[in-house]
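Numbering (my numbering), first residue to last: 4 to 1223.
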């Protein structure tokens, strides 16, 4: 890699340009060739795929789609357009012999070519279509005033009817034309359609309404924008009184004056004015025969109240409707007048306004319907509405539904993005204060943007993922923090490398800004451009060797936590894990290419600007920072003394909190599963969220669709379809195809008998709901048997029904079953709707198949019945309770498994499905989240072992991380969080963020130069307390800056960052270090090493090894030449035990200013000795410690978001020398 170091040091602009072009190309290609992400439906992808229920649910949806008009299946055999599977009614032999010979030859030709029969056009259907076109266009004039006539086409077609040859089959009408007539007809048809296509569409009719009662345009409707109004204070008082009505009237006038109202409202036809809003005060005004609501008095209110009490029983018994003029309402005329009573009770008053058999009323909330459609066109009106004062002294608007929830979320998601940017700016400012270089800071920001662009390119082109959930935007926060953290690591190691070289060269200046250091080091060298370049190459090589490995481990730890989310079955969670993990690794790529090149260029810029005037300015700018650093040092010393002297206190206190948190999370009240299928998008006090969560079920027009008191979960059993989902699990819109069960055969006699017994046995189960009335479609075999019991001969109609009659015994022969079942199902679909409503139950027939005709009879190639659905009602009501539905599902599936044990092979692959989509999501969240946590914890433990190579340190660290996660989740439970999709992602991500602090402390405990626990603990705290605290504070504040957002996802991620950073820092600092203080490993206990990674000594960091020899016992002696103040006197021989290539340096033992990770990652075994120390060097003592406590080379990681403060000594020295 020496060539790469030289390239970065000597030609950094080439690297910068190359990486910049590559990154920009990725961004441009991704943005220009792919459709930008669309968040119109933010809940898209919040479903489980690949689970047992998920596969069945996908197969069920595919079955319903295939039964549609364009599918391969049909429920009603009369809808067949082809000769489907021998759907032939019984004919006499004479009829069969009269089949045209041409049709027979045609069928034989089709059989030889194995091609499906093409549908023809029946002349009746053709004439009907022509007649419809003529009627549609008769009153429509084209833009040039021409009227199209179909007379010629119609007459010519009719004149050839006699020459056509037709064959009639059940469910099909096939016609034949001669080739000449067919071509001429098709040409005329194309010409007419071409003319129709060129016509301009008719002008859109203006939406006008004629008031049916002279007051309102029509009845209120759910599709109009509606607002909920309650009392501002005194909620225990009813709104149905005069003062409240006058306040409502005033509030209504305020709504009418809001901007954009007049442009959107629906207007009356006669007066060209906006339709009057539907409100209870307007209905009272109307019933009181007043012209304005301000004219109401107490008598009017009392009169309407009496009317509502008298008519309520009729509404309660469903004797009223919203249009009693068309439907017969069995109620007194005053109750039916203008449908006012129904509209008030159904739309405008809350459900508890009037109770049955009670004389008191209580209007807790009322609804105002505006004559504005619920659509995205009302967005500007909503913005004006949100800025208006929708409250007065008595009443206020508390919630609303304008059909804008998803559209507003899409808008707020981008509008509140400035809060993410604000957090990024805060991190950038901290980075600027640390680096002292605006150029490096800006380059780091560009690197973060490039990493997101590259990640999106890989996500879209390499992984070929088209679905981009809105949660992927949350990866921006993580990448900003990790990018800053990697920059801190690189620049810290750069500073330490420069400091080491200066000590080796005899320099004493250790500046703050890394750029000045290399300038000085180059100036203190032999001089010349070549020497300076070589020095920069060595510094770059040493820095990158250390930093690349450190940043790699950091990136791998965090990326692994994200990629672990891929085990989840929820599509949105999988996509988030892929994109976030890819963004982290893309950021690492830029941090080892873009950032080193930027730092190398910054060196050249700073060397030119390092003049005395600029130095004085820099000195003045650093004075406040120096004061902050000195204050931080005093706080750190206090915290260190508290940990060293009171370890039992922190272990007991934090351990107890962790155990109690475990009880809260695992026993009671637990992290509850979501109890609503509606995914919350905004904060809880947002009017849209309040409507969905609080007020939606308070009005009958909504409650009748959402109440679960009378709705029961259906029991659906499916045969003939495999419960598989072979679609793309990363795209919610790709669900694959429907796969049929080849072993299924409904026409087999044993299948008929078993299905009949199945339907009888299910009625004896506790989960079966006894239903009364006709159950024609539920189990078709029962109705089919009754239908087949009819008489064979009808003497009145002279109809012979043989063999579809009583002469055929059950179970029916396969040919009779295939012939008679379509007739039975067709007659069922002709039943009046009062007795039969088509549903999803029943047999599903193949729409097309290979059909041949032999000797006048049609023969099929394939099964006629491709699928069967049996449906009954269960005793289980609809509920969002996970345990209740889980018990129900297990009971039904267990019973079905027992029934399938003795089922014939043709019926053995049945499966159960119902309305279980939300239950499947709950089940996936409860199990998938735990699996993701376990995988992330396993990765964290593996990284800890590889880094520390010490069993006890890894064990203590993983215990600390476990308590951190439990405490974090316990706080979320107390805050009322529920385990929804976003919370699942947050919990998994917490591991990647929480493990880094423990990793830092554990690694630096390993690096301690002292063998005892107390000294090692103090060493680790002195080195890492400040950086980890700054990391927690920086990330926590960046998360807190997102709290002003109105988007719930932003708020939750902000709260999560504050909580997880605070708790992880407290546990890593106080709990883990207290454990290590009391029972930490010492004298090499539990320590492993890499003996096979042993390598020869190589001089690095500018200090060259002059020789080495092996001592008995595997001890290698190394000779170093140190130059003290320009003297060439050789120091004594320095010895060190070489256990592996990762052994620590002797210089670390005596206080070298090298980087904290050097002893883990450096190839240099002997570090230069720092002469600027207060105590003499005792090499023998130091090496004895090293012999008793061997060190291994293990890469360290940094926090996902880390800020490292420079040492106070370095700052003071830099300020001192700069001032000189």
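Here a beta-carbon is modelled for each residue, glycine too, at the ideal position from N, C-alpha and C. Bear in mind that the values here come from a model prediction, so they are computed numbers and not experimental data.
Buried or exposed, going by whether 16 or more other CB atoms sit within 10 Å of the CB of residue i?
i: residue 242; result: buried
i: residue 35; result: exposed
i: residue 503; result: buried
i: residue 670; result: exposed
i: residue 5; result: exposed
i: residue 3; result: A question about residue 3 goes unanswered here, because the residues of the chain that appear run from 4 up to 1223.
i: residue 651; result: exposed
i: residue 860; result: Bear in mind that the predicted position of residue 860 carries a pLDDT of just 45, short of 50, making it too unreliable to give a figure here.
i: residue 708; result: exposed
i: residue 663; result: exposed
i: residue 346; result: buried
i: residue 1086; result: exposed
i: residue 571; result: buried
i: residue 300; result: exposed
i: residue 764; result: exposed
i: residue 333; result: exposed
i: residue 568; result: buried
Alpha helix (DSSP H) containing residue i: first to last residue?
i: residue 1023; result: 1016-1043
i: residue 1; result: Residue 1 is absent from the structure shown; the chain starts at 4 and stops at 1223.
i: residue 866; result: No alpha helix (DSSP H) contains residue 866, which DSSP labels as neither H nor E.
i: residue 1075; result: Where residue 1075 is concerned, there is no enclosing alpha helix (DSSP H), given that its DSSP letter is neither H nor E.
i: residue 752; result: 752-765
i: residue 9; result: 5-13
i: residue 585; result: 574-594
i: residue 670; result: Residue 670 -> no alpha helix (DSSP H), and no H or E assigned at all.
i: residue 1004; result: 984-1009
i: residue 458; result: 441-460
i: residue 693; result: 690-693
If you reduce the DSSP assignment to three classes, tell me which class residue i lands in.
i: residue 321; result: coil
i: residue 475; result: helix
i: residue 398; result: strand
i: residue 351; result: helix
i: residue 803; result: strand
i: residue 796; result: strand
i: residue 78; result: coil
i: residue 18; result: helix
i: residue 1048; result: coil
i: residue 871; result: strand
Please name the residue in the options whose C-alpha comes closest to that of residue i.
i: residue 308; options: 366, 949, 294; result: 366
i: residue 440; options: 732, 546, 607; result: 607
i: residue 883; options: 677, 999, 912, 584; result: 677
i: residue 1001; options: 986, 1077, 664; result: 1077
i: residue 225; options: 378, 251, 320, 363; result: 378
i: residue 937; options: 462, 993, 889; result: 993
i: residue 297; options: 637, 252, 693; result: 252
i: residue 52; options: 828, 729, 1050; result: 729
i: residue 235; options: 254, 228, 220, 221; result: 254
i: residue 470; options: 42, 1062, 1067, 949; result: 42
i: residue 289; options: 344, 724, 61, 400; result: 344
i: residue 498; options: 63, 218, 539, 462; result: 539
For residue i, report the span of its beta strand (DSSP E) as first-last.
i: residue 341; result: Neither: residue 341 is in no beta strand (DSSP E) and is coded neither H nor E.
i: residue 237; result: Run containing residue 237: none; DSSP gives neither H nor E here.
i: residue 716; result: 715-722
i: residue 845; result: 845-849
Problem set entry | Those runs of the beta strand (DSSP E) which lie wholly inside the segment 269-320 and span at least 3 residues | none
For this session: Starting from the N-terminal side, write out each stretch of the alpha helix (DSSP H) that is 4 residues or longer and does not extend beyond the segment 355-434.
Result: 382-390, 408-418
Problem set entry | Sequence ranges, alpha helix (DSSP H) only - wholly within the segment 904-978, length at least 4 | 920-951, 954-977
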